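Note sheet for the following structure.
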Amino acid sequence: ALNAKTGELCDDFGDHGSVDLKQGMDNTENSKRYHPTSTPVIMGHIAVLGGWVRDIVHGEPSGVVRAFDVRNGNVVWAWDVGQPENVTDPVKGRVYTLETPNVWTVPGFDKELNLIYLPTGNGPPDYWGGDRNAAKEKYGSSVVAVDASSGETKWVFQTVHHDIWDYDLPSQPVLFHMKNERGEEVPVLIQTTKTGQIYVLDRRTGKPVTRVEEQPVAHDGAEGEHLSATQPFSTGMPQLGVEPLTEKSMWGVTPFDQLMCRIDFKASTYLGMYTPPSEKPYIEWPSLLGGMNWGGITIDERTGTLFVNDMRMPLRMSLVRKEDMAKYKVSTDEVPGFMGTVRPQIAGPYGGVRIDILQSALGVPCNTPPFGTMSAIDLNTRQLLWQVPMGSVEDTGPLGLKTHMHIPLGMPTLGGPTSTASGLVFFAGTQDNYLRALDSATGKELWRARLPVGAVAAPLIYKSPKSGKEYVVISAGGASHSPDVGDDIIAFALEE
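Numbering follows full-length UniProt numbering, in which position 283 of the sequence shown is assigned residue number 283; successive positions increment by one, without gaps.
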């Protein structure tokens, strides 16, 4: 805890200004695989914080969510699904339950209802769950409401049953008021997902406000698996980027790489969304990248319009048996590169999983563009108002070479949008190095400014209390799929 005016540590918080988050965690090497990736949520006198784990092997650190007293750093409560009776620190000689579903993104909170909303991940390991326990099955990939005073679970809504696709919830739930099917205005929670589904829940009860249907999916899993025969689809809201892939829809910059994409597609298992992981190459679409990722949504309260960006990059994956792992020379003690590698995953008969983007030899995704869009949804009618490709190929291209051509193909997006009451949507999370302003009514680009590098952050908009002037600020650290990095914070304003 820092003094906001001086930047000095607050000596009366924790141990002379800090709290060791590894307290209560496994004190072996496993605890090194835990760290926070999001800011705490401050509600009254408590700060609520989750954390990131690698999700790859049994024995991963706990997914515990803790509430700390901001005045002294003491643990007020701990949400540990493996020890629900343990409301603060573990009893002597014990640690928080290992490998429980974690919360790596930002929780939401409702001050009036005194509830904290936790968007959870799936229980590790990610891609095989034949021996998952009841807590992982119940709380994985769910929105969980807990009492802000005690940490007691109030309700659970699961977005993916028995998640073995890494479809963890990636973004902070957004609170809003909208009408239900009977025309009654209710307090809702809106949760975006990697699967392209948008769930609208009554934040008092967790019950869907818009239609959610359990639909049949492929469920013939790998050795030792037991998959769900149905999954919950949010059919009462637009589903983004979920159009089924076909051999015909494979794409390429040239006829040759298109042909290679078609060959790879035919050589893979694809049974639609929720294709079960297997030893044979299979296609995950939407992929663990999204769909929608950590940027979340923005809502124009005047019109009841929701704006959200998405990413469309299918993956080609395969499970690797334990006896075949030696040739890949990877270890659970290291974090290998993400794409084009075999990641260790010690689970059941499997020792790893190979993850590749479904792309041509030129490094271009095989699915038909756009690879990223911005969408506007009318929350009054639940209809898609417009959808536009986001980003050009100017700073990317085949074989990783920049094309320097501003062709608005629509590239993978990350980060989130910010809307204004004046009818603008600002966004910078594209693969080209621009901050853009869109017309919120049409999606038309009205303005763009060149950045030193790309960004994966949402723009911040504020008004100066002294001059009354409005500013748009963006943190530009580098686009998600670009080697170019930076450390710039840039502010824009209208000319005098």
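Glycine residues also receive a C-beta, built at the ideal position from the N, C-alpha and C atoms. On a predicted model such as this, the values are computed, not experimentally measured, just so you know.
According to DSSP, simplified to helix, strand and coil, what is residue i?
| i | result |
| --- | --- |
| F371 | coil |
| G351 | strand |
| D488 | strand |
| P452 | coil |
| K463 | strand |
| L240 | coil |
| L169 | coil |
| L399 | helix |
| K179 | strand |
| R343 | strand |
| R204 | coil |
| R33 | helix |
| R71 | coil |
| A437 | strand |
| S13 | The sequence shown places Phe at residue 13, not Ser. Looking at F13 - three-state DSSP - the assignment turns out to be coil, as it is neither helix nor strand. |
| S422 | coil |
| V160 | coil |
| Q387 | strand |
| Q431 | coil |
| D26 | coil |
Would you mind giving the Cβ-Cβ distance between residue i and residue j, rounded to the nearest angstrom? I have them listed as a contact below 8 angstroms.
| i | j | result |
| --- | --- | --- |
| I474 | P459 | 5 angstroms |
| M311 | G291 | 7 angstroms |
| Y139 | I164 | So it is not a contact: roughly 15 angstroms between Cβ atoms. |
| residue 498 | V53 | Shown here, the chain extends from 1 to 496; a query on residue 498 therefore has no answer. |
| M250 | C261 | 4 angstroms |
| V188 | V200 | 5 angstroms |
| G372 | N309 | 7 angstroms |
| T192 | E214 | Going by Cβ atoms, the distance from T192 to E214 rounds to 20 angstroms, so no, they are not a contact pair. |
| P125 | I346 | 7 angstroms |
| G468 | Q431 | The Cβ separation is near 35 angstroms, so there is no contact. |
In its own chain, which residues sit with a C-beta less than 7 angstroms from the C-beta of residue i, not counting the 5 before and 5 after it?
| i | result |
| --- | --- |
| I489 | V473 and S475 |
| R302 | A421 |
| D300 | S419 and S440 |
| V144 | L118, T120, T153 and V156 |
| P398 | V253, L362, G363 and V364 |
| Q359 | P365 and C366 |
| G14 | G73 |
Does the beta-carbon distance from residue i to residue j come in below 8 angstroms?
| i | j | result |
| --- | --- | --- |
| residue 509 | S234 | As displayed, the chain neither begins before 1 nor continues past 496, which places residue 509 out of reach and without an answer. |
| M374 | L424 | no |
| P90 | G24 | yes |
| V456 | G486 | no |
| G443 | M411 | no |
| P314 | E284 | yes |
| G151 | N102 | no |
| S419 | T275 | no |
| P119 | L169 | yes |
| G236 | R343 | no |
| I190 | V212 | no |
| Y171 | T105 | One point to set straight first is that residue 171 is Ser, not Tyr, in the sequence displayed. In contact: S171 and T105 (Cβ atoms closer than 8 angstroms). |
| H45 | D69 | yes |
| P349 | M317 | no |
| L379 | M178 | yes |
| P286 | V242 | yes |
| G130 | E247 | no |
| P417 | P389 | no |
| E279 | A326 | no |
| R436 | R450 | no |
If you drop the 5 nearest sequence neighbours on each side, which residues of the same chain put their C-beta closer than 6 angstroms to that of residue i?
| i | result |
| --- | --- |
| G82 | T97, T100 and A135 |
| Y167 | S141, V160, K194 and T195 |
| P238 | I377 and L384 |
| E470 | K463 |
| R132 | G123 |
| S18 | none |
| D20 | none |
| S480 | L414 and V456 |
| N180 | V186 and V209 |
| L289 | M311 and M313 |
| V76 | I46, A67 and D69 |
| D80 | V64, N86, Y96 and T97 |
Between residue i and chain B, is there a C-beta pair that is closer than 8 angstroms?
| i | result |
| --- | --- |
| G63 | Of the protein chains in this structure there is only one, and it is not chain B. |
Suppose the cutoff is 8 angstroms on Cβ atoms and the five residues either side in sequence are ignored; what does the same chain contact list for residue i look like?
| i | result |
| --- | --- |
| residue 507 | Residue 507 is absent from the structure shown; the chain starts at 1 and stops at 496. |
Would you say the beta carbon of residue i is closer than 7 angstroms to some non-hydrogen atom of the ligand GTP?
| i | result |
| --- | --- |
| Q83 | By its list of ligands, the structure shown contains no ligand whatsoever, and the ligand GTP lies outside what it can speak to. |
Practice task
Write down every uninterrupted run of the beta strand (DSSP E) in the region 273 to 327 whose length is 3 residues or greater and which is fully enclosed by it, in chain order.
Solution key: Inside the region 273 to 327, DSSP marks whole beta strand (DSSP E) runs of 3 or more residues at positions 282 to 284, 297 to 300, 305 to 311 and 315 to 321, from first to last along the chain.
Problem - Secondary structure, beta strand (DSSP E): runs of 3+ residues fully inside the region 73 to 113 - result: Runs of the beta strand (DSSP E) inside the region 73 to 113: 75 to 79 and 108 to 110.
Exercise for the section: Run through the region 108 to 154 for me and flag every whole beta strand (DSSP E) of 3 or more residues, listed as ranges in chain order. Expected result: DSSP runs (the beta strand (DSSP E)) wholly in the region 108 to 154: 108 to 110, 115 to 119 and 142 to 147.
Exercise for the section: Starting from the N-terminal side, write out each stretch of the alpha helix (DSSP H) that is 4 residues or longer and does not extend beyond the region 242 to 278. Expected result: Taking only runs of at least 4 residues, the alpha helix (DSSP H) segments lying wholly in the region 242 to 278 are 255 to 266.
Handout entry: Secondary structure, alpha helix (DSSP H): runs of 4+ residues fully inside the region 184 to 234
Key = Runs found: none.
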